[in-house]
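Data block below; observations after.
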Amino acid sequence: MFLYALKRLIYVLPVAIGVSMVCFMLVHIAPGDPLISVLPPDASTELREQMRRAYGFDRPLPVQYLLWLMNVFQGNLGTSIATGRAVSEELSKAVGNTLMLSVMATLIGFVLGCLFGFVAGYFRDTWIDKLASFISVIGVSVPHYWLGMVLVIVFSVQLGWLPATGAGPGGSGAWVWDWEHVKFLILPAVTMSVIPMGIVSRTVRALVADILSQEFVQGLRAKGLLDTGVLRHIVKNAAPTALAVMGLQLGYLLGGSILIETVFSWPGTGFLLGQAIFQRDIPLLQGVILVLAMFFVFLNLAVDVMQSALDPRVQRS
Amino acid sequence: MTAMDLIRAPAPLAPVERSPGYWALVLKRLSRDKVAMLALLVIVLLVLAAIFAPYIAPADPYKSSMLRRLRPIGTPGYPLGADELGRDMLTRLIYGARLSLLMGITPVFIAFAIGSTIGVAAGYIGGAFNTVVMRTIDVFYAFPSVLLAIALSGALGAGIFSGLLSLTIVFIPPIARIAESVTTQVRKIDYVEAARASGAPGFTIVRVHVLGNVLGPIFVYATSLISVSMILASGLSFLGLGVKPPEPEWGLMLNTLRNAIYVAPWVAALPGAMIFMTSIAFNLLSDGLRSAMDIKA
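Line by line, the protein sequences give chains A and B.
Per this note's numbering, the first sequence starts with residue 4, numbered consecutively.
Per this note's numbering, the second sequence starts with residue 65, numbered consecutively.
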């Protein structure tokens, strides 16, 4: 178990270094002079050269990368061009909001996905299965940013039940778990939960159908075990994979929250990313992408190790 | 009459009947799948609408009118309403199919070509070459797809080309990974070994023995990506990346109509419904193709 975790960690490190390189290169594939936003347009060539040296742009790329990496390890992700604040400071406020939204959405999606998937797998090839499978196809095919808009139209514009945008009454205050705040969370979380719902339900359906067709289930039934008893065995066999899929989905939601956060003006990392794109604030873009991608890489690692702890068969493959 | 004679006696000539090939069988099975056929019909109609947009669209997609802004669905002369600049929605939705389909489908096809080349080469050559190539692919695979697409096109800036480029880069790693794993499996099969033992050059083995076996599964996987690609491509335009105004494109239209949800809510939701319809059609067709080809997982 420990050895497997160590092996996985050693495998992940080069990937993490590669990911950091890609993030580093983002500044350099951006068209135009990276200094264009800090320099006045009529800056002399002398000043330009001076700034290039001050920012380290005159050094060879590998040296620049190592310097940047050292800064990152010290928690220095650079400075936002638009606000002048440290990128890490902007991020720390946003990460909590995105985490709350994504965890909520993953939980809703997981519960519904398990339910639909289980029912579909248990009654496979009946109309119940077809209906549940159709719901999961909708879940993976719907453009979620559009679904968010439709929900806003129905529940905010037409019915007036829930607020359309923001994260709490009166702008950005501290989050409290009361109805006044939670009602801001409902629409974005439900919108976001559609993707994990579809994927979890597909996975669970396949798992349940597969387990039910195995001989040990027939054996249990032959022994006279009731349906509830068989159910316990199915859950035990399907849980590790279903939980792993849920973990990965959380990672995808964290990284892909930008579209939903834009629709609901949810003040998280995705919203920050949207601002960075809009203002062409490349340091901010780079910092947010780096943190989200690293989070995804290490979440994958954690899910892998956890799955192998729950289900030792995984290690062998 | 001896047993020997019986065997030698010429059998009555049965009419020669060739067994249908694998692909004919797949097509036959697919054509019996009602859901997949309906999905195909939707896609064909959308493609036809995109090609013949100038002939079927009732108005000019760029002609705006400040007096007729945000007309609701069913207004005379504006069957699907008018957008925030008074342009006919029906016309813009029809024209929108052009860029939206182009931006959604092209990246997957380019990524299919590049990704399967990389994957088959890595899988067939193996060894250190495989390690280097696949570990590089792993780096890009380590990003959530939405994040990578936004990172690349965010850095490159808005525009059709940068949108296409970033989406292509997003879809190469998953296709290359599938191609590599299928090729590695096929390479170990005995007849490939036999071909190599009989001295066939590597290129011929890949062309004759490997590609025929691996391209099918890779292609089916690639078709399942089209739906994701449609959502992502329109998503980029929705964020202000990708296609720039005033071009009609569904994601961009959704973006510019977002502020209108209090005035003309259902007009504002229309472009998204088109994206949804296209994406679900591609998903169902891909599912049908998968079960017609009997590919598991």
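Backbone N, C-alpha and C fix where the C-beta goes; we use that ideal spot for every residue, glycine too.
If you're wondering where the values come from, they're calculated on a predicted model, not measured in any experiment.
Secondary structure of Thr82 (chain A) (DSSP, three-state): strand. Within the region 162–224 of chain B, the runs of alpha helix (DSSP H) that reach at least 4 residues and sit entirely inside it are, in chain order, 191–205, 209–220. Ile214 (chain B) has a beta carbon lying within less than 9 Å of a beta carbon in chain A.
Secondary structure note for Gly352 (chain B): its alpha helix (DSSP H) is the uninterrupted segment 329–356. In the displayed model, Thr248 (chain B) falls within a helix according to three-state DSSP. Using a Cβ distance threshold of 9 Å, Leu253 (chain A) and Ser95 (chain A) do not count as a contacting pair. Residues of chain B with a Cβ closer than 9 Å to the Cβ of Phe299 (chain A) are, in chain order, Ala206, Phe207, Pro208, Leu211. Bounds of the alpha helix (DSSP H) holding Ser288 (chain B) are 275–302.
At a cut-off of 9 Å, the C-beta of Arg127 (chain A) has no neighbouring C-beta in chain B. Those residues of the region 70–99 of chain A placed with their C-beta closer than 9 Å to a C-beta in chain B do not exist. Ranked by how close their Cα comes to the Cα of Ile292 (chain A), the residues B:Ser217, B:Glu257, B:Asn277 have B:Ser217 in first place. Phe298 (chain A) has its alpha-carbon roughly 30 Å from the corresponding atom of Leu154 (chain A).
The C-alpha of Trp314 (chain B) lies about 24 Å from the C-alpha of Ile138 (chain A). The DSSP-derived three-state label of Tyr7 (chain A) is helix. Taking C-beta separations shorter than 7 Å and ignoring five residues to either side along the sequence, the partners of Val306 (chain A) in its chain run Ala247, Gly250, Leu251, following chain order. Residue pairing for Tyr159 (chain B): DSSP places it in no beta bridge. By the C-beta density criterion, Ala333 (chain B) is buried, having at least 16 other C-beta atoms within 10 angstroms.
Residue nearest to Ala113 (chain B) within the set B:Ser129, B:Tyr126, B:Leu154 is B:Leu154 (criterion: CA-CA distance). In the three-state scheme derived from DSSP, where H, G and I count as helix and E and B as strand, Ala146 (chain B) is classed as strand. In this structure, the straight-line span from the alpha carbon of Ala296 (chain A) to that of Pro208 (chain B) is close to 7 Å.
If only uninterrupted alpha helix (DSSP H) runs of at least 4 residues are considered, those enclosed by the region 45–129 of chain A are 48–58, 64–76, 90–125. Ala212 (chain A) places its beta carbon 9 Å or farther from that of Ser83 (chain A). Under the DSSP assignment, Gly277 (chain A) falls in the alpha helix (DSSP H) whose first and last residues are 272–281. The DSSP-derived three-state label of Asp97 (chain B) is coil. With a contact defined as Cβ atoms closer than 8 Å, Tyr148 (chain A) and Phe302 (chain B) qualify at about 6 Å. Per DSSP, reduced to three states, the secondary structure at Thr168 (chain A) is coil, with no helix or strand assignment. By the neighbour-count criterion, in which a residue is buried when 16 or more other Cβ atoms sit within 10 angstroms of its Cβ, Ile295 (chain B) is buried. Contact annotation for Asn347 (chain B) against chain A: Val140, Val143, Ser144 [CB-CB distance below 8 Å, chain order]. In this structure, Arg208 (chain A) sits near Gly120 (chain A), with a CB-CB distance shorter than 9 Å. Along the region 261–277 of chain A, the positions whose C-beta sits under 7 Å from a C-beta of chain B are Ile261, Leu262, Thr265, Leu276, Gly277, read in chain order.
Below 8 Å, enough C-beta pairs join the region 281–288 of chain B and the region 344–354 of chain B to call them touching: three or more. Inter-residue distance for Pro265 (chain B) and Val184 (chain B) is about 16 Å (C-alpha atoms, whole angstroms). Distance from the CA of Trp269 (chain A) to the CA of Gly259 (chain A), rounded to the nearest whole angstrom, comes to 13 Å. In terms of beta-carbon proximity, Ile13 (chain A) stays away from the interface with chain B, with every pair separated by 9 Å or more.
Checking the DSSP bridge columns, you'll see Thr139 (chain B) partnered with B:Tyr142.
For Asn303 (chain A), the enclosing alpha helix (DSSP H) starts and ends at 285–313.
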